[in-house]
Structure formats: structure tokens, C-alpha cells
Amino acid sequence: MLVAIINPASGHNAAEQFFADHVLPLLDNVDHVLTTNAAGHAEQFIRDLPDPLTVVLGSGDGTLHEIINALPNRLITFVLVPCGTANALYASLFPPKDDQETTAYKLQSVQAFINKATPVHLSLASTSISGSPTASLSSVVVSTSLHASILHHSEALRQTHPGLERFKIAAEQNSTKWYKSRANILPIPSRGLVEIYDPKSNKFIPHPDSTTDSPALELHGPFTYFLSTVNIDRLEPQFRISPLARAIPPPPATCDIVVLRPLRDPSIAQDDEQSRVSYVPKVWKVLGGAYQDGAHIQFTYAANGEIETAGDGPPVIEYYRAGGWEWVPDDQDPDAHLVCADGAILHIPDNGRAACTIDAIPHTFSVYGPV
Ligand SMILES: Nc1ncnc2c1ncn2[C@@H]1O[C@H](COP(=O)(O)OP(=O)(O)OP(=O)(O)O)[C@@H](O)[C@H]1O
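So the sequence shown is numbered by full-length UniProt numbering: it starts at 1 and just counts up by one.
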């Protein structure tokens, strides 16, 4: 069965018109067209339809997240039409060349479907929060720290700033925060080790502290940025935060994890107000590097703490390839208790933790990607 689902509230509220003008005329055998009227409507509609199901989805990543979480055992193939704010999955499958506003750019998954391309199986990250009976499934991103705070605070700006600028405003609001936590990085199942990106050789190598006897790595905070991705190398068309996810294809059941810990900066000795303020320009520089085609992963610290590109000093970003992670926030730091799963915000209770593993449940979701 073939259905179209349109979220009219996604992105700039233009999905309905785009479907009427450009998508539906290309599809002559759609069984149903649904324009959602609220969060939850898409999954309600799909619930009673028979599998296998093909869903032409006009939305952002959030509506996809909602369907996958509500109906995790279904056999569904998605045809994506990027109508949301960020469209991370679509932009990663079809990296734009400054043409993301064009109709042709937005119709590539539809064209792949029409051309009977083979759909791409999605990886799913499964995040459990202490005390919560069900795991949250993500097809794009699971994060804590600055990214989770940005998503948390940007939601309040959705009405006044429907575009990507709401993420920038929220980033500024949170720029001096450091997040107190401990993280465990879990090994890649098929290799039994955690890998780390080595900018000098441009390869992932086994992390020297991840051994057969003790493969998990323990990272101590404070953290500025802690973000893991599956299926994607960018969170927005130009924000290539985990560029190696596509440049160096990962083995199955892994995520890429991008970590920024300010105390690795040789010019910063301790966590205090002055250090946090002085580190802000470096946070912007790193995030700015993601906007320059993922240049941040080549950044290194000079001895005086200045950020260089491909210098001899230690990498600014720790870029891991792993089977998952655990996050154990400090009870004194409420901001460290936020987790973002594909834009949805989860709250870790006091004395709790978050645990994220990849493809922990068998599932049959796929998507029409590039031919
Ligand atoms: N008619 C509706 N009115 C309000 N919200 C809706 C409606 N239909 C669906 N939603 C909800 O809107 C939320 C946001 O949608 P979606 O993520 O698709 O767009 P976006 O946030 O603009 O894009 P992105 O996730 O790519 O940034 C989803 O959680 C979805 O449940």
C-alpha cells in the first residue's frame, strides 16, 4: 500500500502546497493522502494500515521519529520529501550543492521510488533512560550537552523563528555552559574495541585505552558537546558535524560520536566562570568548522590553546566510532540531565543515566536513498 503523509506544521508550513504542486502529480497510485492535524496523527493513521507499507513523508526528521517510535515492528519504507526545518536524514542521503531550495533537489527520494531503486535499511539508535519502561528510537541523532540544550531551548522559539536561525539563537543562550558528567564509550560489536579518528592518517584506529579485556572507555567531564549520529553526516544541509559517517562508511551497529571537552585545551586549567567565557569563541570555531564541510575534525590545539588546522598538537574534537555510549550526569548539574533523541527531549532523573546502543532491536524500516 502507498500512502502520503504531510505535516503542514513542519518547517515553513509549506508542505501541503509542495505536495499539491510537485509530489502528488508524480504519483498515480496513492491509496490515501493524510494531512496531519496534530502530533500523533501520522502514527494513528498508519496503525491500522496493512504492511508492507510505503509512506511518502512530507515533513522533517521529527515526524519520522514519531512514526518509528510508535510502530517499531512495522515493515515500512519511506519516501522522504524534505519539508522540515533541518531535514538531517534527507540532506545526508542527498548532500546539497547549494541547491536545497530547488524543487528538483527535494524530489530525489520520490524519483528513486519511481525508478524502483533499492531502499536503504535504516540504523536505529535505542536510548534507555533510567526509570523509563520504553527505549526511544532514533534514526538521526542522540545527544546531550550543548546540542540537547539547543534543541530544548529552540522549541520555545518555533513560532517566532520557524527557520534554522532558532538553533543559532538557542546556541548563543547556552554558550557558556559546561556539562558535568561521566560517559562510557562502548565497543563496536564486530570488532570488540572502540575506535577513534586519527586526523594524521585520516583513518579510524583502535583507541589505545580500549583493550580486549577492557574495551569500554571512560570519559570524564566537563563536556561542551557530546553527540552521536546514525545514518547521517549532517544535522542541517550545511552542518556536517559527523562527516566521516559518509566519508568512511561505518561497520554495522555503530554510531559516530563527536565529543568536545574543554579541559583538553592546554590553555584551560580548571572549570570556572572565566574559563567558560574564554572558551566560547573556541566552541563557535568548532561549530563553524562543521559548517565548512566538516573542517572541525582536523582542528588541533597549539601549545598556547589556539586552534589550528591539522597542526601537531592534540585534536580538538574526539571523534569516536563505537557501539553506543552511557551518560551518567552529575546530580548537581540539571542541564546535564537533558538528552535529545532526533529533536525530542528526554530527561534523566536524579541518580539516573542514559544508555544508547545501535540496532539493539531488529526492525524493518528503510528509505529511498540515492540510486
Ligand atoms: N498538524 C500538526 N500541528 C502541529 N504539530 C504537528 C502536526 N503534525 C505533526 N506535528 C508534529 O510536528 C513535529 C515537528 O515536525 P517535523 O520534525 O516533521 O518538522 P520540523 O521540526 O520542522 O523539522 P526537523 O525535525 O527536520 O527539524 C513532530 O513532532 C510532529 O509530531
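Ideal Cβ positions, reconstructed from N, Cα and C, are used throughout, including at glycine.
Have a look at the options and flag the residue whose alpha-carbon is nearest the alpha-carbon of residue i.
i	options	result
Tyr368	Gly84, Gly60, Gln108, Leu26	Gln108
Ile188	Ser10, Leu26, Ala322	Ala322
Trp284	Ile169, Asp233, Asp21, Tyr90	Ile169
Ser242	Leu137, Val280, Gly289, Glu308	Gly289
Lys177	Asp272, Pro251, Val110	Asp272
Ser190	Phe94, Thr254, Ile68	Thr254
Phe150	Ser136, Arg166, Tyr319, Gln159	The sequence shown places Ile at residue 150, not Phe. Closest by alpha carbon: Arg166.
Asn174	Phe223, Asp331, Asp213, Pro8	Phe223
Asn87	Val56, Gly11, Ala148, Gln111	Gly11
Gly84	Leu75, Ala148, Leu64	Leu64
Met1	Gln159, Tyr279, Val33	Val33
Val23	Tyr301, Ile6, Arg276	Ile6
Gly163	Ile348, Val3, Asn13	Asn13
Arg158	Tyr320, Ala104, Ala9, Phe239	Ala9
Tyr291	Ala70, Ser278, Leu26, Pro96	Pro96
Asn304	Ile268, Val328, Asp293	Ile268
Val339	Pro329, Ala148, Phe94	Ala148
Arg240	Gly294, Gln44, Tyr197	Gly294
Tyr197	Ser214, Glu172, Pro250	Pro250
Asp51	Leu71, Phe18, Glu16	Leu71
Asp31	Phe45, Asp21, Phe18	Phe45
Gly311	Asn351, Ser201, Val258, Gln270	Ser201
His152	Thr300, Tyr279, Ala336, Thr357	Ala336
Would you mind stating whether residue i and residue j have Cβ atoms separated by less than 9 Å?
i	j	result
Phe226	Ser132	no
Pro237	Gln298	no
Leu49	Val81	no
Leu26	Ile129	no
Glu308	Ala355	no
Tyr319	Asp265	no
Asp359	Lys180	no
Asn29	His363	no
Phe204	Leu244	yes
Tyr105	Asp99	yes
Leu260	Val141	no
Leu287	Ala112	no
Glu195	Ser214	no
Report the three-state DSSP secondary structure of residue i (helix, strand or coil).
i	result
Asp21	helix
Ile241	coil
Asp335	helix
Glu306	coil
Phe94	coil
Asn69	helix
Gly62	helix
Pro52	coil
His152	helix
Leu122	coil
Ala247	helix
Val328	strand
Ile6	strand
Ser275	helix
Val230	coil
Lys180	coil
Arg166	helix
Ile317	coil
Val259	strand
Tyr291	helix
residue 373	This structure cannot speak to residue 373, because the chain is shown only from 1 to 371.
His147	helix
His220	strand
Give me the Cβ distance between residue i and residue j, rounded to the nearest whole Å; I'm assuming they're in contact under 8 Å.
i	j	result
Arg246	Ser139	Wrong, their Cβ atoms sit about 15 Å apart, outside the cutoff.
Ser143	Ser228	7 Å
Ser136	Asn69	6 Å
Ile361	Ser126	6 Å
Arg353	Val328	5 Å
Leu193	Pro208	The Cβ separation is near 10 Å, so there is no contact.
Ser366	Val110	That belief does not hold up - the Cβ atoms of Ser366 and Val110 are roughly 15 Å apart, past 8 Å.
Is residue i close to chain B? Criterion is C-beta to C-beta, closer than 9 Å.
i	result
Glu318	Of the chains in the structure shown, none is chain B; there is only one protein chain.
(message) Assess contact between the stretch 216-232 and the stretch 181-197, defined as three or more Cβ pairs (one per stretch) separated by less than 8 Å. Is contact present?
(response) yes
(request) Taking 8 Å as the threshold, find out whether the stretch 337-345 comes into contact with the stretch 57-67 through three or more Cβ pairs. (result) yes
(message) Closer than 8 Å is the cut-off here; do at least three beta carbon pairs connect the stretch 33-52 with the stretch 306-320?
(response) no
(message) Using a Cβ distance threshold of 8 Å, determine whether the stretch 71-84 contacts the stretch 44-56, with at least three qualifying pairs required.
(response) yes
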